[in-house]
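Colleague: Numbering (the working numbering), first residue to last: 10 to 491. Ideal Cβ positions, reconstructed from N, Cα and C, are used throughout, including at glycine. Just so we're clear, the structure is a prediction, and the values are computed from it rather than from any experiment. The structure follows.
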Ligand code: BG6
């Protein structure tokens with residue numbers, strides 16, 4: 010593993026404890042030459058961050074003695090007054106680097122409130138320039154590399170994303186920038202590429218000639234309680250649809266890349282996003298969870314206005330104006346406090362041109378073939394097909410082929426582990442390109458600018474009834490059962 014100093018801005022926050030410390034331990038636990046400098050405004054010191062991180066590792070299932078040993082060996086802390094006054098960070102970083110252990114390589118990871126991004130990026134960029142660390146045209150940097158990792162959300166609309174990209178590019182080359190969408194680190198999301206481009210069987214059917222509709226569902230059972238400070242100003246469109254679901258959509262709809270590298274893949278994702286028509290309010294439904302299962306409604310959470318119009322559910326239909334997908338609806342749907350936690354891409358194929366058979370179940374036409382790619386939980390896929398039901402005549406019955414990822418390979422690693430390793434090795438394939446981020450915002454501009462009123466839905470349901478008008482492939486009342 011490449012030695013480096015991992016400078017974690019936002020080290021006292023939730024993401025650090027829940028995801029980043031465990032991922033750092035699992036990715037670099039055994040590596041020598043990887044040190045972590047936590048940065049925050051809280052009055053912590055080295056001992057405190059070591060305690061907190063060790064506690065977080067134990068929470069995530071790591072042995073206490075291993076957790077303790079790693080935290081004590083690896084972690085230090087720098088306190089700042091503000092995220093654009095980084096003197097204490099650079100002093101501490103220089104001190105750690107003096108040993109030569111990290112070989113002058115630095116990854117700056119911004120797990121911060123988005124409002125602080127421009128100030129922090131500018132302060133980091135100025136420091137790089139003052140210390141002659143700016144890379145040349147080929148990206149080569151004297152005395153070690155610098156990489157900038159930016160957590161989502163990257164902007165809050167097209168204009169702010171453009172402004173943020175301008176700040177980033179004023180100080181860093183695109184090759185140094187790693188915009189995180191942690192869904193891209195999920196093993197099963199990457200498997201979409203293999204599934205599509207290593208199996209000619211599916212790829213030859215993957216177009217308007219054979220596909221009737223595609224649905225992308227990310228159903229969550231968690232809620233926004235305790236996160237209202239972040240979530241209420243953001244909502245599901247910005248928290249989930251613009252990034253996670255749009256990435257799943259792009260990987261599903263993109264053309265085969267010329268090469269399997271960062272340029273090849275990100276170019277194709279950007280291209281399909283560019284071909285995607287701007288979403289319209291008539292083809293979108295917002296929802297907000299009410300009370301249920303003994304829990305209070307969204308509008309009753311601490312920090313949320315009783316008349317808040319923030320959406321906790323959104324369904325949006327997209328259309329791609331290109332040769333492959335013209336006329337095929339892609340429906341994206343996600344919400345909190347839904348009935349089950351589940352992420353699926355559902356591809357419904359066209360029926361045969363002439364129907365010769367009746368379905369044994371209801372006496373009507375056989376079902377279309379449906380491919381359900383399950384990304385979480387129980388990763389795998391299921392392909393449905395019709396067979397002859399036993400008995401006289403030719404009635405059909407729908408059956409499935411199933412593939413279960415965990416049965417074949419065991420549980421996949423956490424997304425953040427994969428992404429942190431990629432930052433260390435300098436691979437931007439699983440990170441979002443500047444132009445891709447802007448295109449993803451452009452698609453949703455009409456919705457972000459419209460006055461959308463969320464429909465109420467009860468906790469533990471599949472979301473507002475109104476969403477049915479977008480014509481889901483599967484009955485929204487029981488979408489995931491057999
Ligand atoms: C985060 C969102 O980016 O992704 C959360 O801010 C959401 O609201 C989470 O719950 C979902 O990620 P995962 O990996 O738990 O499916």
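I need the straight-line Cα distance from residue 28 to residue 228, nearest angstrom please.
Modeller: Spanning the two alpha carbons is a distance of roughly 21 Å.
Colleague: Do residue 23 and the ligand BG6 come close, with the Cβ less than 7 Å from some heavy atom?
Modeller: Not under cutoff, so the answer is no.
Colleague: Which full runs of the alpha helix (DSSP H) of 4+ residues lie inside the segment 251-306, going along the chain?
Modeller: The segment 251-306 contains these whole alpha helix (DSSP H) runs: 255-262 and 271-283.
Colleague: Within its chain, find whatever has a CB closer than 7 Å to the CB of residue 485; leave out the 5 residues flanking it on each side and keep chain order.
Modeller: At residue 485 the pLDDT is 44, less than 50, meaning the model places this residue with poor confidence and gives no usable figure here.
Colleague: Quick one, which of 110, 41 and 325 has its alpha-carbon nearest residue 291's?
Modeller: If we check each option's Cα against that of residue 291, 325 comes out closest.
Colleague: Mind checking which residues open and close the alpha helix (DSSP H) that includes residue 452?
Modeller: Looking at the DSSP string, the run of the alpha helix (DSSP H) that includes residue 452 is 443-458.
Colleague: What does the Cβ neighbour count give for residue 209, buried or exposed, with the cut at 16 atoms within 10 Å?
Modeller: That one is exposed.
Colleague: Look at the Cβ atom of residue 32, then the Cβ atom of residue 388, and state whether they are nearer than 8 Å.
Modeller: No, the pair does not count as a contact, with Cβ atoms beyond the cut-off.
Colleague: Looking at the ligand BG6, does it come within less than 7 Å of residue 231, judged from the CB to the closest heavy atom?
Modeller: Residue 231 Cβ: within cutoff of the ligand BG6.
Colleague: Below 7 Å CB to CB, which residues in the same chain sit around residue 21 once its five sequence neighbours on both sides are set aside?
Modeller: Once the five neighbours on either side are set aside, the close Cβ partners of residue 21 are 49, 51 and 53.
Colleague: Could you name the residues of the same chain whose beta carbon sits closer than 7 Å to that of residue 181, not counting the 5 residues immediately before and after it, in chain order?
Modeller: So the qualifying residues of the chain are 134 and 157.
Colleague: Check whether the segment 227-241 touches the segment 302-315, taking contact to mean three or more Cβ pairs, one atom from each stretch, closer than 8 Å.
Modeller: Touching, yes, given that three or more Cβ pairs across the two stretches are closer than 8 Å.
Colleague: Return the first residue and the last residue of the beta strand (DSSP E) that residue 326 is part of.
Modeller: Run containing residue 326: 322-327, per the beta strand (DSSP E) assignment.
Colleague: State the Cα-Cα distance for the pair residue 496 and residue 331, rounded to the nearest angstrom.
Modeller: The first residue shown for the chain is 10 and the last is 491, placing residue 496 beyond what the model contains.
Colleague: Can you find the residues in the same chain that come closer than 8 Å, C-beta to C-beta, to residue 214, ignoring five residues on each side of it along the sequence?
Modeller: Excluding sequence neighbours, residue 214 sits near 220 and 358.
Colleague: I need the boundaries of the alpha helix (DSSP H) containing residue 206, first residue and last residue.
Modeller: Segment 196-206, the alpha helix (DSSP H) holding residue 206.
Colleague: Which partner residues of residue 28 appear in the DSSP bridge assignment?
Modeller: Residue 28 is not bridged to any residue.
Colleague: As an exercise, report each continuous alpha helix (DSSP H) stretch of at least 4 residues that is fully enclosed by the segment 99-161, in chain order.
Modeller: DSSP runs (the alpha helix (DSSP H)) wholly in the segment 99-161: 126-139.
Colleague: Leaving out the 5 sequence neighbours to the left and right, which residues in its chain are closer than 6 Å to residue 488 when beta-carbon positions are compared?
Modeller: For residue 488, the pLDDT reaches just 47, beneath the cut-off of 50, and the residue's location in the model is therefore unreliable, leaving the point undetermined.
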